[in-house]
Amino acid sequence: MPPKPVPLPAKPSKPYFFYGHRKPSQNRPVVYGGLFSNRQVLKPPQSPLPPSPPFNLRKWDPHHLSQNPSPPPITTPHQHSKLSPIARFIIDAFRKSQYTWGPSVVFELNKLRRVTASLVAEVLKVQDDPILASKFFHWAGKQKGFKHNFASYNALAYCLNRNGRFRVADQLPELMDSQGKPPTEKQFEILIRMHADKNRGQRVYYVYQKMKNFGIKPRVFLYNRIMDALVKTGYLDLALSVYEDFRGDGLAEESITFMILIKGLCKAGKVDEMLEVLGRMREMFCKPDVFAYTAMIKILVSKGNLDGCLRVWEEMRRDGVEPDVMAYVTLVAGLCKGGRVQRGYELFKEMKTKGILIERVTYGVLIEGFVKNGKLGSACGLLKDLIDSGYRADLGIYNPLIEGMCDVKLIDRAYKLFQVTVQEGLEPGFATVKPMLLAFAEMRRMSDFCKLLEQMQKLGFSVNDDLSKFFSFVVEKGERTIMAVRVFNELKVKGYGGVRIYNILMGALHKTGKVKQALSLFQEMKDLNFEPDSSTYSNAIICYVEDENIKDACICHNKIIEMSCVPSIDAYYSLTNGLCKIGEIDAAMMLVRDCLGNVTNGPMEFKYALTVLHACKSGAEKVMEVLNEMMQEGLPPDNIICSAIISGMCKYRTIEEARKVFANLRTRKLLTEANVIIYDELLIEYMEKKAADLVLSGLKFFGLESKLKAKGSTLLSR
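Numbering-wise (the numbering used here), the sequence shown opens with residue 109 and increments by one.
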C-alpha cells in the first residue's frame with residue numbers, strides 16, 4: 109500500500125486584506141473569508157428604554173408639552189450607516205444643538221473645508237425638520253464657490269413635502285430661477301407627483317400653470333399624470349382644459365390618455381362625451397380591450413347609470429371584444445341592484461350558453477333581485493339551479509328567499525328554509541328570523557312565535573336582545589305600534605320582557621299620541637319591579653309634560669340626576685318648555701344651563717336663550733338683533749325664548765323694555781295678541797316675585813324677621 113500523505117501544516121493567519129483579518133468597528137465592515145465575501149455591519153448596542161411611569165391625571169400639566177417640546181425624529185443607525193462621514197458629522201452637529209439652528213451649528217459647520225451640492229442633497233434626504241433643512245440649504249448656498257445643483261433642489265423639495273410644507277416646496281422653481289438655475293421639466297414632475305400621491309388636485313393644476321409660465325411643455329407621460337390626478341380628485345373640467353392644451357401642443361394621445369378621460373367622463377355621467385372620446389380612440393387605432401370596457405362599466409354601475417352601462421356594453425360588442433366573466437358579473441350585479449333584474453337574467457342565460465363559470469355571488473344578486481320584484485318562483489328556480497350546479501347556498505341567498513316568502517304569507521315554507529339553514533350549519537342570525545317573527549305576529553300565530561323563540565334560544569341566540577331589535581323594527585312604522593303592544597302583552601305571560609322593550613314601546617306610543625298608554629306602561633314597569641334607566645325616565649318626562657303633570661316630570665328628572673345620568677335632549681327641552689308654561693322661569697333657565705353643560709350639542713333654542721339673557725344687559729335693541737339672527741336661522745321665538753326675555757329684562761332692565769320687545773314681535777306677526785297678553789301677565793307676576801324675594805332678603809339681612817314673627821306676620825313662611 110502506498111504511504112498516506114502527510115498533512116501540511118496549517119497556514120498561519122495573517123493580517124492580510126484577502127483574508128479579512130482586521131479589527132471590527134462600528135463604521136468599518138468586517139470581511140469574513142476573503143475578498144468576495146458578504147459584508148456585515150456591526151450595530152451599536154441599544155440600551156433598553158426605562159419604563160414610563162403610570163399616567164396620573166391629578167399631576168397632569170397641560171402646559172408640559174408646550175414647555176418641553178419633543179425633539180424631531182432622529183434618523184436611525186441604519187440610515188446613518190449609509191451616510192458618508194462628512195454627512196454624519198453634519199447630522200451630529202444638528203443633534204448636539206437639539207435640532208435648532210444657531211451659532212453653535214454654524215460654528216461646527218464652518219470646520220468643514222468644502223461643502224458640495226451632493227453632500228447637501230445627502231443630508232437633506234434624511235432630515236425630518238423642514239425649518240432646519242431650509243436653514244442648512246440657505247447656509248450652504250452662501251459658501252464661497254458653492255452652487256446648488258438639481259439634486260440638492262430636488263432633495264429640499266422632497267424634505268419639505270415629506271414634512272407637510274408642500275406649499276413652500278411649490279416655490280422652489282422661483283428660487284431656482286432667481287439663483288441662476290432655471291427649473292426643468294423634472295423639477296415640476298417631482299412636485300406634480302408629490303401632489304398627485306396625496307390627492308391634491310388643485311395643487312397639481314397650480315404647478316401645471318406655473319410650468320406653463322416658465323415656458324416648459326410637459327411630455328405625454330407628464331400630461332397623463334396631471335389629467336389622471338385631476339380626474340381622481342373630481343376636477344374633470346380642469347382635466348379637460350389640460351387635454352385641450354395637450355392637443356394644442358400637437359402631441360399624440362396614448363391609450364392611457366384616452367382611458368383617463370373616459371373614466372372621468374363616466375364618473376361625471378357624461379356618456380355622450382365619453383362615446384365621442386371613444387370614437388376618437390378608435391380613429392387612433394387604440395381600441396379598448398375587455399379590461400378597459402369592464403372598468404367603464406364598473407364606474408357607471410357605481411354611479412347608478414344603467415343606461416350608460418348598456419350603451420358601453422353595445423360599444424364593446426361593436427368592437428368585437430368578447431366580455432369575460434368579470435364584465436358579465438359587474439353588469440349583472442348592477443342591473444339587479446338597479447331594478448332591471450330581467451335584463452340581468454338575460455345576460456345570465458347568455459353566460460350559461462357560452463359555458464362561462466358562474467359564481468355563487470351572481471346567483472345571489474339575481475335571487476335577491478327577483479325577490480324584490482315579487483317573482484318568488486323565478487328566485488326558487490335559480491336556487492334549484494344553484495344547487496344542481498354543485499354550489500351550496502349561503503345565508504346571503506336564504507335570507508332574501510325567507511323574507512320574500514314571509515311577505516306573501518308563505519310562512520310555513522319560509523320556516524322549512526330556516527330549518528335547512530340550521531341543518532347545514534350556516535348559523536342563522538337575527539336577519540334570518542326577523543321576517544318570520546313579523547309574519548307570525550301579523551297573522552296572530554303567537555304559539556308559533558313562541559316556539560321560534562324557544563328554538564332561537566337553543567341555537568344560542570340572545571333572545572332578549574333580539575326581541576328588542578324586533579320591537580324597534582316593528583315600531584318604525586307608526587301603524588304597527590298597537591300590534592307591537594299586543595305582542596308584548598302576550599309575551600309577558602311567557603316571561604319575556606325587559607327595560608329596553610318598555611323604553612321602545614313607550615317612545616313609540618308617545619310618537620303616535622298615546623301618552624296615557626305610555627304612562628300606564630311606565631307604571632306597570634315599576635309594579636313589576638323592573639329598574640327604570642335614564643331612557644325610561646326621559647320618556648316618562650316627555651309624557652308627563654304633555655299630560656300637564658309637571659310635578660311628576662320633575663320627580664323623574666331628579667331620579668335621573670340621582671343615578672348620575674343625563675336626561676335626553678328631548679326630555680330637557682320638553683321639561684323646560686313645561687316649566688315656562690307654568691311660570692317657573694328660574695327653574696327653566698337653570699335646566700337650559702344644565703343641558704348645555706352636560707350634552708355635546710344642545711338645542712339651538714337653548715343656545716339662543718342664553719344669548720338673549722346676555723343681550724338683555726344691553727337693552728331691547730340688542731335683544732331684537734339676536735331675535736333677527738334667530739329668524740334668519742329659521743327659528744321663530746318660542747315659549748323658552750320669551751321666558752328668557754322676561755328673565756333677562758327683570759334682572760338687568762325694566763318691564764317697559766320687555767314690553768317693547770314683545771310689541772315688536774307682535775308687529776312682525778311673530779306673536780298673537782293672546783300670547784302678548786299672557787306674556788305680559790307672566791312678566792308682571794315674575795317681577796312681583798323678584799321684588800318680594802328682594803324684600804325678604806333685606807328683612808333677613810337686617811334681622812327683622814323676629815319682630816315680624818312676634819307681631820304674627822306670616823310673610824316669612826313662604
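Virtual Cβ for every residue (Gly too), placed ideally from N, Cα, C.
Check residue i in the structure and name its three-state DSSP category.
{"i": "Leu408", "result": "helix"}
{"i": "Gln450", "result": "helix"}
{"i": "Ile466", "result": "coil"}
{"i": "Glu670", "result": "helix"}
{"i": "Glu584", "result": "coil"}
{"i": "Cys664", "result": "helix"}
{"i": "Thr292", "result": "coil"}
{"i": "Tyr499", "result": "coil"}
{"i": "His256", "result": "coil"}
{"i": "Tyr787", "result": "helix"}
{"i": "Val429", "result": "coil"}
{"i": "Leu264", "result": "helix"}
{"i": "Gln310", "result": "helix"}
{"i": "Val231", "result": "helix"}
{"i": "Asn657", "result": "coil"}
{"i": "Leu567", "result": "coil"}
{"i": "Phe638", "result": "coil"}
{"i": "Cys69", "result": "Here the chain covers residues 109 to 826 and nothing more, so residue 69 does not appear."}
{"i": "Thr365", "result": "helix"}
{"i": "Asn572", "result": "helix"}
{"i": "Arg419", "result": "helix"}
{"i": "Ala360", "result": "coil"}
{"i": "Thr95", "result": "A question about residue 95 goes unanswered here, because the residues of the chain that appear run from 109 up to 826."}
{"i": "Tyr316", "result": "helix"}
{"i": "Tyr401", "result": "helix"}
{"i": "Tyr78", "result": "The displayed coordinates of the chain run from 109 to 826. Any statement about residue 78 would go beyond what the structure contains."}
{"i": "Val223", "result": "coil"}
{"i": "Asn481", "result": "coil"}
{"i": "Tyr207", "result": "coil"}
{"i": "Asn611", "result": "helix"}
Considering residue i, what are the terminal residues of the alpha helix (DSSP H) in which it resides?
{"i": "Glu643", "result": "It is Ser, not Glu, that sits at residue 643 in the sequence shown. Its alpha helix (DSSP H) spans residues 642-654."}
{"i": "Gln625", "result": "623-635"}
{"i": "Ile690", "result": "From DSSP, Ile690 is part of no alpha helix (DSSP H); its letter is neither H nor E."}
{"i": "Glu598", "result": "589-601"}
{"i": "Glu64", "result": "With the chain covering 109 to 826 only, the question about residue 64 has no answer from this structure."}
{"i": "Asp336", "result": "328-340"}
{"i": "Met284", "result": "280-286"}
{"i": "Met389", "result": "379-391"}
{"i": "Asp200", "result": "193-204"}
{"i": "Glu764", "result": "763-775"}
{"i": "Gly756", "result": "747-760"}
{"i": "Gly605", "result": "Run containing Gly605: none; DSSP gives neither H nor E here."}
{"i": "Glu216", "result": "211-217"}
{"i": "Ile324", "result": "Segment: none, Ile324 is in no alpha helix (DSSP H) and carries neither H nor E."}
{"i": "Pro238", "result": "238-249"}
{"i": "Ala277", "result": "274-277"}
So with Cβ pairs under 8 Å, would you call residue i a contact of chain B?
{"i": "Phe538", "result": "Going by chain labels, chain B is absent from the structure shown, which holds only one protein chain."}
Three or more beta-carbon pairs under 8 Å between the segment 440-454 and the segment 419-431, yes or no?
No: fewer than three Cβ pairs fall under 8 Å.
Three or more C-beta pairs under 8 Å: does that hold for the segment 548-562 against the segment 530-539?
As far as the Cβ criterion goes, the segment 548-562 does not touch the segment 530-539, which means the pair count is below three.
Can at least three beta-carbon pairs, one atom from the segment 600-612 and one from the segment 634-654, be found at a separation below 8 Å?
Touching, per the Cβ criterion.
Any 3 or more C-beta pairs closer than 8 Å across the segment 747-756 and the segment 680-688
These segments touch.
Whole alpha helix (DSSP H) elements within the segment 677-731, 4-residue minimum:
Counting only runs of 4 or more, we get 677-689, 693-706, 712-723.
What ranges does the alpha helix (DSSP H) occupy inside the segment 527-564, keeping only unbroken runs of at least 4 residues that lie completely in it?
DSSP runs (the alpha helix (DSSP H)) wholly in the segment 527-564: 538-550.
Is the segment 219-228 touching the segment 258-277, taking contact as three or more C-beta pairs under 8 Å?
Contact holds between the segment 219-228 and the segment 258-277, because three or more Cβ pairs, one in each stretch, are under 8 Å apart.
Which runs of the beta strand (DSSP E), 3 residues or longer, sit entirely within the segment 501-525?
If only complete runs of 3 or more residues are kept, the segment 501-525 shows no beta strand (DSSP E) anywhere.
Do the segment 700-713 and the segment 642-650 touch if we need at least three Cβ pairs shorter than 8 Å?
Put simply, the segment 700-713 does not touch the segment 642-650. Fewer than three CB pairs are less than 8 Å apart.
Three Cβ pairs or more, each shorter than 8 Å: is that satisfied between the segment 567-582 and the segment 510-522?
Flag = no, the segment 567-582 and the segment 510-522 do not touch.
Closer than 8 Å is the cut-off here; do at least three beta carbon pairs connect the segment 299-311 with the segment 264-279?
Contact holds: three or more Cβ-Cβ distances are below 8 Å.
Touching by the beta-carbon criterion (3+ pairs, under 8 Å), the segment 648-662 and the segment 609-620
With a cut-off of 8 Å, the segment 609-620 and the segment 648-662 count as touching, because enough Cβ pairs lie within range.
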